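Participant: Next up is a structure, given as structure tokens.
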Amino acid sequence: KILNTQSYADKSSDYDKVAEWIGHGLLVSKGEKWFQRRKVLTPGFHFRILESFVRVFNEHSDVFCQKLATFQGSEVDIFPRLKLFTLDVLCETALGYRCNSQTEDPAYPRAVDEIMSILNWRFFNPFASIDVLFRFTKQYKRFHQLIRETHRFTLDIINERRREASRASEVDEDEDLRDDGGCGTRKKKLALLDILLGATIDGKPLSDDDIREEVDTFTFAGHDTSASALTFILYNIAKHPEIQQRMYDEIVEVVGPDSTELTLHTLNELRFLDLVIKESLRMFPPVPMIARHATERTEIEGSVIPVGTIVGVDIFEMHRDSDYFEDAERFNPDRFEAVREAGKSNPFTYIPFSAGSRNCIGQKFAQYEIKTAVTKILQNFTLELPSPNFEPALKAEIVLKPAGPLPIRFIQRNAAP
41 KILNTQSYAD KSSDYDKVAE WIGHGLLVSK GEKWFQRRKV LTPGFHFRIL
91 ESFVRVFNEH SDVFCQKLAT FQGSEVDIFP RLKLFTLDVL CETALGYRCN
141 SQTEDPAYPR AVDEIMSILN WRFFNPFASI DVLFRFTKQY KRFHQLIRET
191 HRFTLDIINE RRREASRASE VDEDEDLRDD GGCGTRKKKL ALLDILLGAT
241 IDGKPLSDDD IREEVDTFTF AGHDTSASAL TFILYNIAKH PEIQQRMYDE
291 IVEVVGPDST ELTLHTLNEL RFLDLVIKES LRMFPPVPMI ARHATERTEI
341 EGSVIPVGTI VGVDIFEMHR DSDYFEDAER FNPDRFEAVR EAGKSNPFTY
391 IPFSAGSRNC IGQKFAQYEI KTAVTKILQN FTLELPSPNF EPALKAEIVL
441 KPAGPLPIRF IQRNAAP
């Protein structure tokens with residue numbers, strides 16, 4: 041009921057801390073502004089747009105595999121490296137800009153990562169979570185310095201894109217424009233930014249700050265979350281060799297053994313991969329808890345919820361509740377096939393992308409990004425844990441992540457014996 045009613049459509053006030061960086065874009069906005077922004081952004085995740093984004097997923101997945109190969113089967117702590125991969129994907133799909141985070145050390149990705157670290161600290165430190173007290177910390181000054189840097193970077197690209205649009209009535213998506221400034225190579229491909237530049241609300245175009253809010257929101261919402269999802273998916277694949285083999289067999293049958301260009305069509309054919317991703321997201325939801333603000337007095341199962349109450353939904357615990365999932369602590373991808381065939385699925389017991397009107401607008405984007413990366417990795421490597429019984433300690437911040445290193449060995453399939 042909480043996620044399926046407008047009485048709880050607004051996010052909690054905790055999100056105001058994030059708004060200092062991303063503004064009041066889709067994630068944080070309320071009421072009519074949220075409705076208008078959602079309407080503007082929805083075309084950016086249309087099938088046709090996702091088709092063009094899959095090319096970006098392919099390119100950066102290939103780079104990720106090339107980096108993994110350099111470890112020659114030794115252990116790799118994957119979460120930090122997956123954050124670089126997901127940020128490369130986000131920069132190019134949101135801004136049309138190649139940041140090359142995986143191969144270089146550019147300033148913008150470092151700034152984003154440091155902002156996320158400070159935000160995590162603020163969310164879970166009782167002292168820093170209070171705005172007045174936060175102002176007396178050294179992190180406050182650094183936080184706002186980083187925000188200025190990232191805003192300047194984003195606005196520079198927005199202005200450049202506006203100038204390009206004014207010089208050409210239509211964009212040739214296959215044209216390659218290169219620029220050696222700032223953070224890497226600029227590639228002109230269709231990006232979320234292009235959709236925002238062409239959008240209007242009540243007949244008026246979005247301002248640069250409006251556009252920056254949504255681009256920064258996309259970066260915030262899709263960075264650590266996708267890296268978290270991929271980290272635990274790869275962990276589960278490495279932990280369960282029999283499942284890994286079934287996945288590889290499916291990939292060979294549908295796509296082939298070689299690391300070729302993947303498409304939406306081929307990704308949609310990988311049905312068992314879908315089940316594995318679903319099950320991993322059940323056990324390790326990237327956002328383990330969400331909070332909503334009650335804007336009306338409501339009653340839930342006999343309990344009155346006053347206006348202004350912050351209500352939390354513990355996704356992590358719900359996903360491991362045996363009332364909803366039989367043998368809930370066991371990793372069993374086939375459970376979702378059984379549920380589908382039985383037609384007994386309750387959409388509000390499995391919510392890795394939230395649910396209701398405020399669900400994640402980019403969930404299809406994230407799913408195809410993840411499927412592309414996992415497929416490419418399994419085409420190239422066999423995954424192993426340092427020991428069969430290895431269990432990562434977990435840390436629940438804004439995003440669920442390993443509390444320490446999560447090492448995996450990536451052994452090349454075509455390596456000489």
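Residue numbers (the working numbering): 41 to 457.
In this text, a Cβ means the ideal position worked out from N, Cα and C, and glycines have one as well.
It should be emphasised that the depicted structure is a prediction, and the values quoted were computed from it without experimental measurement.
Under 8 Å by Cβ, that's how I've got F125 and F93 pegged, so tell me the actual separation to the nearest angstrom.
Facilitator: About 14 Å; that fails the 8 Å criterion.
Participant: Among residues of its own chain, excluding the 5 on either side of F111, which ones have a beta-carbon nearer than 7 Å to its beta-carbon?
Facilitator: F450
Participant: Would you call the stretch 265–278 in contact with the stretch 407–417, where contact means no fewer than 3 C-beta pairs closer than 8 Å?
Facilitator: yes
Participant: To the nearest angstrom, report how far apart E91 and T259 are at their CA atoms.
Facilitator: 20 Å
Participant: With H, G and I counted as helix, E and B as strand and the rest as coil, what does DSSP make of T338?
Facilitator: Three-state DSSP puts T338 in a strand.
Participant: What three-state label does DSSP hand F97 in the structure shown?
Facilitator: helix
Participant: Assuming contact is defined by CB atoms lying nearer than 8 Å, are P426 and P447 in contact in what I supplied?
Facilitator: yes
Participant: Note down, in chain order, each residue of its chain lying with its Cβ closer than 8 Å to the Cβ of T45, except the 5 sequence neighbours on either side.
Facilitator: If we look at T45 and ignore the five residues flanking it on each side, its Cβ neighbours are T338, G396.
Participant: State buried or exposed for R370, treating a residue as buried only when at least 16 other CB atoms are found within 10 Å of its CB.
Facilitator: exposed
Participant: Under 8 Å, do I273 and I317 count as touching if we go by C-beta distance?
Facilitator: yes
Participant: Just to confirm the assignment: which complete alpha helix (DSSP H) runs, minimum length 4, are found wholly within the stretch 221–292?
Facilitator: Counting whole runs of 4 or more residues, the stretch 221–292 contains the alpha helix (DSSP H) stretches 232–237, 248–262, 264–279.
Participant: Using three-state DSSP, classify D56 as helix, strand or coil.
Facilitator: Helix.
Participant: Which term fits T240, buried or exposed, when burial requires 16 or more other beta carbons within 10 angstroms of its beta carbon?
Facilitator: exposed
Participant: Against chain D, with Cβ distances strictly below 8 Å, would F75 count as a contact?
Facilitator: Among the chains of the structure shown, chain D does not appear; only one protein chain is present.
Participant: When the Cα atoms are used, what is the spatial distance from V295 to N454?
Facilitator: 17 Å
Participant: May I ask you to verify whether the stretch 291–305 touches the stretch 159–166, counting CB pairs closer than 8 Å and requiring at least 3?
Facilitator: No: fewer than three Cβ pairs fall under 8 Å.
Participant: Can you round the beta-carbon distance between M329 and V351 to whole angstroms, since I take them to be within the 8 Å contact cut?
Facilitator: No, M329 and V351 are not in contact; Cβ-Cβ is about 11 Å, not under 8 Å.
Participant: By Cβ distance, which residues of its chain are closer than 7 Å to D117, with the 5 residues on each side in sequence left out?
Facilitator: P445, L446, P447, listed in sequence order.
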